[in-house]
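Trainee: Quick one: this structure, given as structure tokens, is what I'll be asking you about.
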Amino acid sequence: MHLLLVGASHRTAPVELRERLDFCSRGLDLAVRALAERQSAAEAVVVSTCNRAELYVACEDPTSAASDLLGFFSDFHQLPTAHIEPHLYSHLDQDAARHLFRVSSGLDSLVVGEPQILGQIKDAYGVATTAQSAGPLLNKLFHWAFGVGKRVRSETALSEGAVSVSFAAVSLAKKIFGNLSGRRVLVVGAGDMGKLTAVHLRAQGVATIVITSRTLAHAQDLANEVGGTVAPWDSLQEALLEADIVITCTGATTPILSKAEVKAAMPASRTRALFLIDIAVPRDVDPRAADIEQVFLYNIDDLQAIVRENLQKRGAEIGRAEQIIEEEVQKFASWHRSRDAVPTIVALRQHFEAVRKAELERLEPKMASLSPEARARVDEITRLLVEKLLLRPTEQLKKSGDISQHADAVTRLFALDQKDRGSSER
Amino acid sequence: MYALPFAFYILSLIAYSIHFGRRTPSFGRAATTLLVAGALAHTFVIGMQTMEAGHVPFAGTTQAISTFVWLLALAYLYTEVTTEERGLGVFVMAIIVALQVLPAVQGPGVEPRSPVLEHPLFWTHVAALLGAYASFGLAAVIGITYVLQFKEIKAKHLVFFFNRLPSLQVLDVMNSRAVFIGWALLTVGLCAGALWVTDALAIAPADPRVRAMSFGDPKIFVALVTWAVYTFQLVARRLIGWRGRRSAYLSAVGFAIVLLNFVLVSYFLTDSHNFGA
Chain A
1 MHLLLVGASH RTAPVELRER LDFCSRGLDL AVRALAERQS AAEAVVVSTC NRAELYVACE
61 DPTSAASDLL GFFSDFHQLP TAHIEPHLYS HLDQDAARHL FRVSSGLDSL VVGEPQILGQ
121 IKDAYGVATT AQSAGPLLNK LFHWAFGVGK RVRSETALSE GAVSVSFAAV SLAKKIFGNL
181 SGRRVLVVGA GDMGKLTAVH LRAQGVATIV ITSRTLAHAQ DLANEVGGTV APWDSLQEAL
241 LEADIVITCT GATTPILSKA EVKAAMPASR TRALFLIDIA VPRDVDPRAA DIEQVFLYNI
301 DDLQAIVREN LQKRGAEIGR AEQIIEEEVQ KFASWHRSRD AVPTIVALRQ HFEAVRKAEL
361 ERLEPKMASL SPEARARVDE ITRLLVEKLL LRPTEQLKKS GDISQHADAV TRLFALDQKD
421 RGSSER
Chain B
427 MYALPFAFYI LSLIAYSIHF GRRTPSFGRA ATTLLVAGAL AHTFVIGMQT MEAGHVPFAG
487 TTQAISTFVW LLALAYLYTE VTTEERGLGV FVMAIIVALQ VLPAVQGPGV EPRSPVLEHP
547 LFWTHVAALL GAYASFGLAA VIGITYVLQF KEIKAKHLVF FFNRLPSLQV LDVMNSRAVF
607 IGWALLTVGL CAGALWVTDA LAIAPADPRV RAMSFGDPKI FVALVTWAVY TFQLVARRLI
667 GWRGRRSAYL SAVGFAIVLL NFVLVSYFLT DSHNFGA
């Protein structure tokens, strides 16, 4: 049984095509059921995210299956094959496994190391198991891929460090305050970046988000969106005293917070640090405010520099991740190869069992005088004998480098391909 | 006899260093396991000495250092288990290994028996002070790591410590707790010592060591300086907002004085505190 993957991703297909190849919009289970019904696919899993649409199948004849999967893409999405074909890639056996392992580790993602993809693959596999379209080969493959994804994440720094400005701000806030629950956030201005950061902070469980803006209506809109409250613009100084994390994103052309104003928010009685995130251009906070003890001031450039650095660090981990994946691909491939031996092993066992049964039957008259216990013992002994004799060849065959050649030899030596061998030996 | 715990401590330090550098979870677990093994072996050695001498070995300076190391290891293990943070391990183990060199080289020695030493106030004095020093050691490590991380965040260059240490807030709280526990024990220890001297003068008026107990004795003087530094840290934290970095620096200075007093002064300067063989 071969493993075949046919798909398109952000690497091969433009977004317009990826949108049309998306399987999720019409229901992933519908797609996986439709695929499982095709003759070419003995087992099927469909992976569909905004960056990729991939079909994983187990098949006997990869060449015909590959063209059938192209047909499936075209039938399901009602697109001419000529439209899709140039953007599809297909991988066979261990190349297919390597591809899935790279995807599950986040190596094939648009942002290398992004964490969502593993969950998306788990979901896709979940849909396939519910639809009972995944069999022994794909079960093994996907569980293996989850393991590889986890291994790469824990053994390399591929998924480490924030790679967006707002996440960088959140991770800094965590490094300063630890747990963010109970922290108070002040958003000054109603810019988009401020909103995004506030949403991320909300997800971390901050206690309150207070929004203040020169235009009250803008503040009110933002407050409704992120679940915050509005403070009047002229009470900025008091709001500053209360806040732990301040995001400034106004369109003001001169700084709205001077060093003296920040200093005034840090009296000796204050027990908390102050984290100022100035994502406005031009800047809203006087950069000299950073000199104040227990004040941490980051502007948009600082945050972008962190993002760049993190992306570089992730880039540096790719080699290690590829190494782990290659290791796992080899292990998977050797498991997959050993499966080729299964039919031969089954035939061999059936053959031995038939011989055993035949011998017992032939000796039946001589054993007639034995007690039922003794006869059961004889049956047991012969069975164990066969098992033990077969143990070593079974193992060796699975481990063998060239399974088809050895399987062939075994088949010929024991004449396993002669259908009526059982009766002819009798 | 101290060789076995010492060996475990060294191996643990190596594992903690690798874990700190590469953040491989398996090395982190190995480090903790080795530290637990070291602490157990150390407990065994101290237990043997206790049975032999009839009291916990802390009369002589070398034995006291060993007992201090043992307490520090236990205090750190407690912190690691409760906070699930291994980032401090490499720093604590560095202190543990550095201090344990002395007992490991000198050997356990023989603990003397003396009626002066079997007084309950003497026990309280030494036990409380060793506990205090272990707390201060931990506080100093926490303070140093606080400063390292503080500098990285202030400099906006998150290279190394950022991914490896607990947050500033957590470090600050841990530091103040450790200092407070240490300060309380130090206060108890000093008071017990002062009370013990009056009793000891009655029991053994002729003992030169007891006679040397005064504020002018280097060991006692420096101990009082230590107490003043930590008292200042606690007060400054509450009254003038000396938190975070300033607090961290103070706890590092405080522990430097403790080490000076505990090792250098004890070996070379003091006449009063030398009860070893």
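Quick note, the sequences are listed as chains A and B, same order.
In terms of our numbering, the first sequence opens at residue 1 and continues consecutively.
In terms of our numbering, the second sequence opens at residue 427 and continues consecutively.
Glycine included, every Cβ here is placed at the ideal spot set by N, Cα and C.
Just so you know, these numbers come straight off a predicted model, no measurement behind them.
Where do the ends of the alpha helix (DSSP H) carrying residue 561 of chain B lie?
Mentor: Its alpha helix (DSSP H) spans residues 546 to 581.
Trainee: Hey, residue 177 of chain A and residue 244 of chain A: beta-carbon distance below 8 Å or not?
Mentor: The answer is yes: Cβ separation under 8 Å.
Trainee: Round the Cβ separation of residue 576 of chain B and residue 671 of chain B to the nearest angstrom and send it over; I've been treating them as touching at under 8 Å.
Mentor: Between residue 671 of chain B and residue 576 of chain B the Cβ distance is about 5 Å, and since that is below 8 Å, they are a contact.
Trainee: What is the rounded straight-line gap between the Cα of residue 26 of chain A and the Cα of residue 19 of chain A?
Mentor: Cα to Cα, residue 26 of chain A sits roughly 12 Å from residue 19 of chain A.
Trainee: Would you say residue 569 of chain B lies against chain A (beta-carbon separation less than 8 Å)?
Mentor: Not an interface residue.
Trainee: Can you give the Cα-Cα distance for residue 129 of chain A and residue 201 of chain A, rounded to whole angstroms?
Mentor: Their backbone Cα atoms lie some 36 Å apart in a straight line.
Trainee: On the CB-based measure, 16 or more other CB atoms within 10 Å of its CB, does residue 434 of chain B come out buried or exposed?
Mentor: Buried, since its Cβ has 16 or more Cβ neighbours within 10 Å.
Trainee: Any beta-carbon of chain B closer than 8 Å to the one on residue 72 of chain A?
Mentor: Residue 72 of chain A does not count as touching chain B.
Trainee: Could you tell me which residues DSSP pairs with residue 8 of chain A in its beta bridges?
Mentor: Bridge partners of residue 8 of chain A: A:53.
Trainee: Leaving out five residues on either side along the sequence, give the residues of the same chain with a beta carbon under 7 Å from the beta carbon of residue 168 of chain A.
Mentor: Closer than 7 Å at the Cβ level, and outside the excluded window around residue 168 of chain A, lie 162, 303, 306, 307.
Trainee: With distances taken Cα to Cα, identify the nearest neighbour of residue 613 of chain B among B:651, B:592, B:446.
Mentor: Comparing Cα-Cα distances from residue 613 of chain B to each of B:651, B:592, B:446, the minimum goes to B:651.
Trainee: Thinking just about the alpha-carbon of each residue, which of B:516, B:552, B:647, B:491 is nearest to the one in residue 528 of chain B?
Mentor: Comparing Cα positions, the closest option is B:491.
Trainee: Below 8 Å between beta carbons: does that hold for residue 663 of chain B and residue 673 of chain B?
Mentor: The answer is yes: Cβ separation under 8 Å.
Trainee: Please tell me whether residue 703 of chain B has its Cβ less than 8 Å away from any Cβ of chain A.
Mentor: Because the pLDDT at residue 703 of chain B is just 39, under 50, the model does not fix this residue reliably, and the point stays unresolved.
Trainee: Which bits of chain B does residue 298 of chain A rub up against, with CB to CB less than 8 Å?
Mentor: Within 8 Å Cβ-Cβ: 582.
Trainee: Residue 116 of chain A: which of A:125, A:126, A:105 sits nearest, CA to CA?
Mentor: When each option's Cα is compared against that of residue 116 of chain A, the closest is A:105.
Trainee: Which of helix, strand or coil does DSSP assign to residue 58 of chain A?
Mentor: Residue state, collapsed to three classes: strand.
Trainee: What residues of chain A sit near residue 596 of chain B, judged by a beta carbon separation below 7 Å?
Mentor: Chain A residues near residue 596 of chain B: 178.
Trainee: In chain B, which residues lie with their C-beta within 9 Å of the C-beta of residue 75 of chain A?
Mentor: By Cβ distance, chain B contributes nothing, its closest Cβ being about 47 Å from residue 75 of chain A, past 9 Å.
Trainee: Would you report the Cα separation of residue 196 of chain A and residue 166 of chain A, rounded to the nearest angstrom?
Mentor: The alpha-carbon atoms of residue 196 of chain A and residue 166 of chain A are separated by roughly 7 Å.
Trainee: What's the C-alpha gap between residue 437 of chain A and residue 339 of chain A?
Mentor: This structure cannot speak to residue 437 of chain A, because chain A is shown only from 1 to 426.
Trainee: Once DSSP output is grouped into helix, strand and coil, what is the label at residue 439 of chain B?
Mentor: Of the three classes helix, strand and coil, the one that applies to residue 439 of chain B here is helix, per DSSP.
Trainee: In the segment 326 to 393 of chain A, which residue ranges form an unbroken alpha helix (DSSP H) of at least 4 residues, counting only runs that do not cross its ends?
Mentor: As far as the segment 326 to 393 of chain A is concerned, its whole alpha helix (DSSP H) runs of at least 4 residues are 342 to 367.
Trainee: At what residue ranges does the segment 112 to 198 of chain A contain a whole run of the alpha helix (DSSP H), taking only runs of 4 or more?
Mentor: 116 to 130, 136 to 155, 165 to 177, all fully within the segment 112 to 198 of chain A.
Trainee: Is residue 236 of chain A near residue 208 of chain A, with beta carbons less than 8 Å apart?
Mentor: Not a contact, by the Cβ cut-off of 8 Å.
Trainee: At least one CB of chain B closer than 8 Å to the CB of residue 293 of chain A: is that the case?
Mentor: Closer than 8 Å: yes.
Trainee: Less than 7 Å between the CB of residue 215 of chain A and some heavy atom of the ligand MN, yes or no?
Mentor: For the ligand MN, the structure offers nothing, since it holds no ligand at all.
Trainee: Mind checking if residue 306 of chain A is an interface residue toward chain B, Cβ cutoff 8 Å exclusive?
Mentor: Output row for residue 306 of chain A: interface = yes.
Trainee: Answer yes or no: does any C-beta atom of chain A fall closer than 8 Å to that of residue 593 of chain B?
Mentor: Cβ-Cβ to chain A under 8 Å: yes for residue 593 of chain B.
Trainee: Give the range of the beta strand (DSSP E) segment to which residue 281 of chain A is assigned.
Mentor: No beta strand (DSSP E) holds residue 281 of chain A; DSSP gives it neither H nor E.
Trainee: I'd like the list of long-range same chain contacts for residue 570 of chain B, defined as Cβ closer than 8 Å, with 5 residues on each side in sequence excluded.
Mentor: Once the five neighbours on either side are set aside, the close Cβ partners of residue 570 of chain B are 517, 674, 678.
Trainee: Is residue 608 of chain B close to chain A, meaning its C-beta is less than 8 Å from at least one C-beta of that chain?
Mentor: Judged by the 8 Å Cβ criterion, residue 608 of chain B is not in contact with chain A.
Trainee: What does the Cβ neighbour count give for residue 102 of chain A, buried or exposed, with the cut at 16 atoms within 10 Å?
Mentor: The residue is buried, with at least 16 neighbouring Cβ atoms inside 10 Å.
Trainee: Are the C-beta atoms of residue 174 of chain A and some chain B residue less than 8 Å apart?
Mentor: With 8 Å as the cut-off, residue 174 of chain A counts as an interface residue toward chain B.
Trainee: What does a CB cutoff of less than 7 Å around residue 83 of chain A pick up in its chain, not counting 5 residues either side in sequence?
Mentor: Contacts found: none.
Trainee: How would you call residue 451 of chain A, buried or exposed, if buried means at least 16 neighbouring beta carbons within 10 angstroms?
Mentor: This structure cannot speak to residue 451 of chain A, because chain A is shown only from 1 to 426.
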